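Notes for the one structure printed next.
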Amino acid sequence: MAEYLLEMRGITKEFAGVKAISGIDLKVRPGEIVGLCGENGAGKSTLMKVLSAVHPYGTWEGTILWEGKELRAHTIRETEDAGIVIIHQELMMVPHLSVAENIFLGSELTRGFGFVDYELMNARATALMQQLKMPDINVALPVLAYSGGKQQLIEVAKALNKNAKLLILDEPTSALTTTETETLLELLREFRSRGMACVYISHKIDEVAAIADTVTVIRDGAHIGTLPMRELDTGKIITMMVGREMKNLFPREEHKVGDVVFEAKNVSCWDPINSERKVVDDVSFQLRAGEIVGVAGLVGAGRTELACKLFGYWRGDHEGKIFLEGKEITVKNPSDAVRQGICMVPEDRKRLGIIPLMPVGYNMTMSVLGRFARNQLINAEDELAVIQSEIIRMKIKTAHPLLPIASLSGGNQQKAVVDKMLLPEPKVLILDEPTHGVDVGAKYEIYKLIFELARQGVAILMISSEMPEILGIADRVLVIGEGSLRGDFPNVGLTQEMILAAAIGAAETAAA
Amino acid sequence: MTLSIPTPSTAPAKRDFRRLIAEYKIVALLLVIAIIWAFFGALTYDHSLGVSEFLTARNFSNLLRQMAITGMLASGMVFVIVAGEIDLSVGSLLGLLGGVTAVLDVWWGWPLYGTVAAVVLLGVAAGLLVGWLVAYVGIPSFIVTLGGMLAFRGAVLGITGGITIAPVHTDLRFIGQGYLPESIGSILAVVLFALLAFLAFRTRAGRVKHKLPVSSKPVEILKLVITGAVIAGFVVTLNSYQGVPVPVLVLLVILGVFTVIGDRTVFGRRIYAVGSNLEATRLSGVNVNMVKMMVWGLMGLMCAFAGLTTTARLAAGTPSAGFGGELDAIASCFIGGTSMRGGIGSVIGALVGAVIMASLDNGMSMLGIDTFWQQITKGIILVAAVWLDIVTSGSQR
């Protein structure tokens with residue numbers, strides 16, 4: 038048997054004459070976990086698409102050796118049959134089908150003549166769930182009955198069911214809570230001990246450091262280096278990724294905190310589908326001008342729901358009062374909110390942030406288009422002038438201001454979406470996971486921008502699941518747990534442990 | 299709105315055919331028209347006279363008059379489809395408004411301006427009602443307009459009692475059957491060319507000022523020369539028959555106004571945004587419900603124009619007027635490159651689509667081909683056009 042399970046040599050892939058990746062090597066031994074790191078747009082996804090034959094053999098250059106033999110796959114089916122299974126960042130599940138049906142999707146077990154053998158499928162799916170230490174999952178229930186974290190593990194079960202020899206995980210933990218992440222990493226270690234190999238792609242460098250045996254870093258489509266993890270640490274990986282040393286991840290800048298500009302009183306929200314379930318429970322807080330307030334909590338604690346309510350976007354029942362500069366205001370919909378000076382950058386950029394078919398510039402001016410218009414007619418010159426100055430201010434990398442936004446990298450898309458919400462000159466800016474899926478360089482620029490806004494007196498409410506980010510940026514931290522406000526701490530001597538304790542600790546006391 | 303990405307002046311030398319077609323979709327569609335016309339021209343060539351029956355000024359004029367009504371519906375339909383919705387009720391609404399036109403004109407003897415004003419108001423109101431049900435009440439447009447298709451058709455049968463109402467007054471007939479005097483047609487052509495030249499110059503100046511890529515001067519001049527030649531050819535041909543038909547003039551004005559709405563107005567930008575990503579647009583602080591309702595307001599307006607023109611052209615109100623009109627309008631949009639998923643499409647494209655459909659109808663009728671063959675051919679053309687669109691845009695799976 039060959040030393041390597043997988044050997045990719047000199048992989049080069051061009052899109053319309055532009056090299057997305059060039060001469061990349063990736064080697065994976067049996068029973069090894071390889072961390073693949075790189076900024077957004079570095080070429081990680083392209084490399085994985087080459088491997089899984091999303092880009093079929095012949096559309097790229099280089100060689101792939103699989104168990105010592107050359108692999109020339111033209112379809113995803115062929116690579117899956119060989120034992121290469123990829124789990125994408127966005128979960129590929131049919132929400133209304135049952136867990137078992139999803140696991141066997143495309144390879145349903147039948148009694149012959151196309152009749153599905155549900156008993157056998159459910160039995161095997163249950164066995165898989167036990168293997169994944171999730172015996173409490175009912176495989177006959179639809180997938181949508183389970184949280185994002187459970188769904189991720191169901192996705193892993195699906196891969197196991199395909200007899201994967203090599204599992205590729207692309208940002209598997211972006212929607213997971215800390216405990217769920219731990220469970221996943223623990224499972225991967227167990228699979229490793231049984232000889233399964235894994236390529237782990239993540240922006241969360243500490244996860245990579247915790248689990249990988251070897252780390253391969255790529256940057257701008259080129260292979261930067263492959264080193265065993267024991268010779269590396271998170272700092273070194275980041276340096277390799279960005280090509281410069283990142284001494285300070287959080288460019289803290291002095292800013293003055295002024296008077297109270299915004300107040301939410303007794304805000305509650307109910308689930309739109311299950312109208313009995315409270316998702317936000319009697320939350321009250323204040324924001325001051327120029328203050329950066331972090332909102333911490335576990336995924337699903339009700340933070341996004343709270344933000345949506347404040348922005349007039351919550352679909353379910355809700356109550357509570359909102360005051361802006363001392364006056365009570367009503368916010369029935371986002372257009373009310375923007376008009377009155379409350380802006381929100383939503384969490385899910387692809388679904389709620391960008392308008393994909395539109396140029397990046399038109400995305401940015403969407404909220405303030407009326408400014409460039411007289412009698413509805415847009416003055417294209419005025420608009421372009423603003424677009425160009427904003428592109429420079431936000432350091433958005435685009436060949437042309439009128440390129441479709443979907444052709445930009447994630448970080449640049451995010452900068453444009455943030456800018457869209459800056460142009461209305463908000464008094465209160467709500468940022469929901471503003472650096473989610475954004476590379477290190479763009480993160481830094483977004484942080485700088487947040488401080489600049491604070492200096493200008495904007496009150497900022499930043500929801501984030503990355504604790505170091507909250508601790509590095511915020512003046513004050515609100516902790517939300519199970520819909521209620523569990524803590525309101527000034528960020529002085531605050532630690533991750535204290536926040537986490539507030540987020541879950543109170544729940545345990547309440548249960549006890 | 300044409301969201302064509304201006305090609306940087308230093309475009310990579312390897313520019314494949316596919317991208318070329320995708321960028322200049324309209325050119326491809328015009329090529330298709332040229333092929334269809336050449337085909338019918340060859341088949342209808344009369345040796346004794348030395349001319350093609352299909353390629354006469356008279357037939358050109360007829361063809362344009364035939365497509366005018368579908369074109370009006372298609373102009374409104376483009377925005378509906380771009381906004382990510384569909385409207386199945388326009389044929390019936392056309393029938394209803396055409397019926398109302400006949401009732402007001404023939405039975406009640408209203409003056410022309412009164413009839414037009416009432417029908418336009420009624421059309422916009424009906425459109426806004428449909429739009430309100432879709433946008434604010436939240437009923438899927440397919441259902442609302444399927445209901446509208448039945449209800450409006452029922453209403454027209456009710457008010458006309460199922461009979462043909464004739465004859466309408468001469469001044470109303472002029473809207474559907476009249477021609478512009480030659481001199482006015484020529485003057486309008488010159489004014490139009492001057493306007494287009496001015497706009498081209500201003501756009502170019504603006505792009506230069508903002509250091510955006512512009513096409514080279516000779517290309518720009520060539521474009522203007524071609525535009526001028528097309529306008530001149532158009533008017534001279536029509537003048538050599540009887541002049542520019544009034545419905546065609548109306549359609550051209552609609553084309554101009556709607557293109558400006560789509561390309562240059564806040565409302566137009568928002569229609570495309572809503573169709574491309576409804577939720578992101580809502581979260582940008584845009585009142586998306588209002589945008590959708592207004593789109594249907596325009597659609598209703600177009601139904602009113604189409605209804606007036608239909609009754610004027612037939613010189614009578616018939617309860618079956620506009621039957622199946624929604625399908626012709628929708629097909630024209632898709633042939634003209636409007637995306638089923640919303641966010642992409644142009645009024646000019648839809649009108650070119652309507653010309654293609656009308657050319658097929660007209661040419662095959664002239665050749666004496668059975669109606670059933672005509673329908674089969676049009677069906678195949680629709681599917682083939684969308685297939686081509688999918689292939690050239692590279693979104694094939």
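First to last, the protein sequences are chains A and B.
Positions 38 to 549 (our numbering) are the ones given, in order, by the first sequence.
Positions 299 to 695 (our numbering) are the ones given, in order, by the second sequence.
Note that the Cβ used here is the ideal one computed from N, Cα and C, for glycine as well.
For clarity, every value in this text was computed on a predicted model and none was experimentally measured.
**OP:** With DSSP as the reference, please indicate the residues paired to L206 of chain A in a beta bridge.
**Re:** In the first sequence, counting from the first residue as 1, residue 206 of chain A sits at position 169. The partner list for L206 of chain A (beta bridge, DSSP) reads A:I124, A:Y237.
Original post:
Where do the N-terminal and C-terminal ends of the alpha helix (DSSP H) with V405 of chain A fall, by residue?
Top reply: Within the first sequence, residue 405 of chain A is the residue found at index 368, counting from 1. V405 of chain A -> no alpha helix (DSSP H), and no H or E assigned at all.
Original post:
Is the CB of R714 of chain B under 9 angstroms away from at least one CB in chain A?
Top reply: Residue 714 of chain B lies beyond the range of chain B shown here (299 to 695); nothing can be said about it.
Original post:
L581 of chain B versus chain A: which residues are under 8 angstroms apart at the beta carbon?
Top reply: Reading the second sequence from its first residue, position 283 is the one you call residue 581 of chain B. By Cβ distance, chain A contributes F348, Y350, P371, M381, P383, L389, G390.
Subject >> Meets three-Cβ-pair contact criterion under 8 angstroms: the segment 462-478 of chain B and the segment 623-642 of chain B >> reply: no
Original post:
Beta carbon of V397 of chain A, beta carbon of P441 of chain A: below 9 angstroms?
Top reply: As a first step, residue 397 of chain A must be located in the first sequence, where it is residue number 360. As a first step, residue 441 of chain A must be located in the first sequence, where it is residue number 404. Contact: yes.
Subject >> Contact with chain B by S497 of chain A, beta-carbon distance below 9 angstroms >> reply: The residue given as residue 497 of chain A occupies position 460 in the first sequence. Note that residue 497 of chain A corresponds to Ile in the displayed sequence, not to Ser. With 9 angstroms as the cut-off, I497 of chain A does not count as an interface residue toward chain B.
Original post:
Can you tell me the Cα-Cα spacing of T413 of chain B and C601 of chain B, whole angstroms?
Top reply: Here residue 413 of chain B refers to the residue found at position 115 when the second sequence is read from its first residue. Here residue 601 of chain B refers to the residue found at position 303 when the second sequence is read from its first residue. Approximately 15 angstroms, taken between the alpha carbons.
Original post:
What are the boundary residues of the alpha helix (DSSP H) that V589 of chain B is part of?
Top reply: Position 291 of the second sequence, counting from 1, holds the residue named residue 589 of chain B. Element bounds for V589 of chain B: 586-612.
Subject >> Reference D296 of chain A, options A:T216, A:E328, A:I359, closest by Cα >> reply: Here residue 296 of chain A refers to the residue found at position 259 of the first sequence. That would be A:E328, whose Cα lies nearest to the Cα of D296 of chain A.
**OP:** Measure the Cβ-Cβ separation of G331 of chain A and I510 of chain A and say whether it is below 9 angstroms.
**Re:** Looking up residue 331 of chain A in the first sequence gives position 294. Looking up residue 510 of chain A in the first sequence gives position 473. Cβ atoms of G331 of chain A and I510 of chain A: closer than 9 angstroms.
Original post:
Are any of the Cβ atoms in chain B nearer than 9 angstroms to that of E44 of chain A?
Top reply: To locate residue 44 of chain A, count along the first sequence from 1; it is residue 7. Taking Cβ atoms only, chain B never reaches closer than 9 angstroms to E44 of chain A, which makes this a no.
**OP:** Note down the Cα distance separating S305 of chain A from T341 of chain A, rounded to an integer number of angstroms.
**Re:** On the first sequence, position 268 is the one that residue 305 of chain A refers to. On the first sequence, position 304 is the one that residue 341 of chain A refers to. Cα-Cα distance, rounded: 13 angstroms.
**OP:** State the DSSP-derived secondary structure class of S59 of chain A, mapped to helix, strand or coil.
**Re:** Counted from its first residue, the first sequence places residue 59 of chain A at position 22. S59 of chain A falls in the strand class under three-state DSSP.
**OP:** Indicate whether E624 of chain B and D385 of chain B have their beta-carbon atoms separated by less than 9 angstroms.
**Re:** Here residue 624 of chain B corresponds to residue number 326 of the second sequence, with the count starting at 1. Here residue 385 of chain B corresponds to residue number 87 of the second sequence, with the count starting at 1. The answer is yes: Cβ separation under 9 angstroms.
Original post:
Once you ignore the five residues that flank L421 of chain A on each side, which residues in its own chain have a CB closer than 8 angstroms to its CB?
Top reply: Numbered from its first residue, the first sequence carries residue 421 of chain A at position 384. Once the five neighbours on either side are set aside, the close Cβ partners of L421 of chain A are G398, P438.
Original post:
For the segment 537-567 of chain B, which residues have a beta carbon sitting closer than 7 angstroms to at least one beta carbon of chain A?
Top reply: R562, T563, V564, F565, R567
**OP:** Keeping to the same chain, check which residues put their C-beta closer than 7 angstroms to that of V418 of chain B; ignore five residues upstream and five downstream.
**Re:** In the second sequence, counting from the first residue as 1, residue 418 of chain B sits at position 120. Once the five neighbours on either side are set aside, the close Cβ partners of V418 of chain B are L599, A602.
Original post:
What does I324 of chain B touch in chain A if you count any residue whose Cβ is under 7 angstroms from its own?
Top reply: Locating residue 324 of chain B in the second sequence gives position 26, where the first residue counts as 1. Near I324 of chain B there are no residues of chain A at all, since even the closest Cβ is about 18 angstroms away, more than 7 angstroms.
Original post:
For G620 of chain B and chain A, any beta-carbon pair shorter than 9 angstroms?
Top reply: Along the second sequence, read from residue 1 onward, the residue named residue 620 of chain B stands at position 322. By this cut-off, G620 of chain B is not an interface position.
Original post:
Any heavy atom of the ligand MN closer than 8 angstroms to the CB of L468 of chain A?
Top reply: Only the bare structure without any ligand can be found here, which leaves the ligand MN out of the picture.
Subject >> Length of the line joining the Cα atoms of A249 of chain A and I238 of chain A >> reply: For this step, residue 249 of chain A is matched to residue 212 along the first sequence. For this step, residue 238 of chain A is matched to residue 201 along the first sequence. A249 of chain A and I238 of chain A: Cα-Cα distance of roughly 10 angstroms.
Original post:
Less than 9 angstroms separating the beta-carbons of V253 of chain B and I415 of chain A?
Top reply: Beyond the ends of chain B as shown, which are 299 and 695, falls residue 253 of chain B; an answer cannot be given.
**OP:** Compare the Cα-Cα distances from P543 of chain B to each of B:I679, B:R471, B:A332 and report the closest residue.
**Re:** On the second sequence, residue 543 of chain B is found 245 positions in, with the first residue counted as 1. Among B:I679, B:R471, B:A332, the Cα nearest to that of P543 of chain B belongs to B:R471.
Original post:
What are the boundary residues of the alpha helix (DSSP H) that A449 of chain B is part of?
Top reply: The residue labelled residue 449 of chain B in the question sits at position 151 within the second sequence. Where A449 of chain B is concerned, the enclosing alpha helix (DSSP H) stretches over 439-458.
Subject >> Contact under 9 angstroms by Cβ, V245 of chain A with C74 of chain A >> reply: Here residue 245 of chain A is taken as the residue at index 208 of the first sequence, counted from 1. Here residue 74 of chain A is taken as the residue at index 37 of the first sequence, counted from 1. Against a cut-off of 9 angstroms, the Cβ pair of C74 of chain A and V245 of chain A comes out as a contact.
**OP:** Give a yes or no on whether 9 angstroms exceeds the smallest Cβ distance from I642 of chain B to chain A.
**Re:** Working through the second sequence from its first residue, we reach residue 642 of chain B at position 344. So, interface residue.
**OP:** Between the Cα of T194 of chain A and those of A:M171, A:E208, A:L181, spot the shortest distance and give me the residue it belongs to.
**Re:** For the purposes of this step, residue 194 of chain A is identified with residue 157 of the first sequence, where counting begins at 1. Residue identity differs from the one stated: residue 194 of chain A is Ala in this sequence, not Thr. Ranking A:M171, A:E208, A:L181 by Cα distance to A194 of chain A puts A:M171 first.
Original post:
Opposite C74 of chain A in the DSSP bridges: which residues?
Top reply: Indexing the first sequence from 1 puts residue 74 of chain A at position 37. In the DSSP output, where bridge partners are listed per residue, C74 of chain A has A:V254.
Subject >> For D469 of chain B, the three-state DSSP class (helix, strand or coil) >> reply: Counting from one through the second sequence, the residue named residue 469 of chain B turns up at place 171. In this structure, D469 of chain B counts as helix in the three-state DSSP scheme.
**OP:** Give the DSSP bridge partners of F621 of chain B, in chain order.
**Re:** Mapped onto the second sequence, residue 621 of chain B falls at position 323. In the DSSP output, where bridge partners are listed per residue, F621 of chain B has none listed.
**OP:** Please report how far the alpha carbon of V689 of chain B lies from the alpha carbon of R386 of chain A, in whole angstroms.
**Re:** Within the second sequence, the letter at position 391 stands for residue 689 of chain B. Within the first sequence, the letter at position 349 stands for residue 386 of chain A. V689 of chain B and R386 of chain A: Cα-Cα distance of roughly 28 angstroms.
Original post:
Quick one: what's got a C-beta closer than 7 angstroms to D42 of chain A's C-beta in the same chain, skipping five residues either side?
Top reply: What you label residue 42 of chain A is simply residue 5 of the first sequence in a count that begins at 1. A small fix is needed here, since residue 42 of chain A is Leu in this sequence, not Asp. Excluding positions up to five away in sequence, the list reads V65, R66, P67, E104, K202, L203, A234.
Original post:
Around the C-beta of D687 of chain B, are 16 or more other C-beta atoms found within 10 angstroms, so that it is buried, or is it exposed?
Top reply: Numbered from 1 along the second sequence, position 389 holds the residue referred to as residue 687 of chain B. Flag for D687 of chain B reads buried.
Subject >> Any C-beta of chain B under 9 angstroms from that of Y183 of chain A >> reply: Working through the first sequence from its first residue, we reach residue 183 of chain A at position 146. Chain B contact via Cβ: absent.
Original post:
In terms of DSSP beta bridges, what is F360 of chain A paired with?
Top reply: Walking along the first sequence from the start, residue 360 of chain A turns up at place 323. In the DSSP output, where bridge partners are listed per residue, F360 of chain A has A:E300, A:E365.
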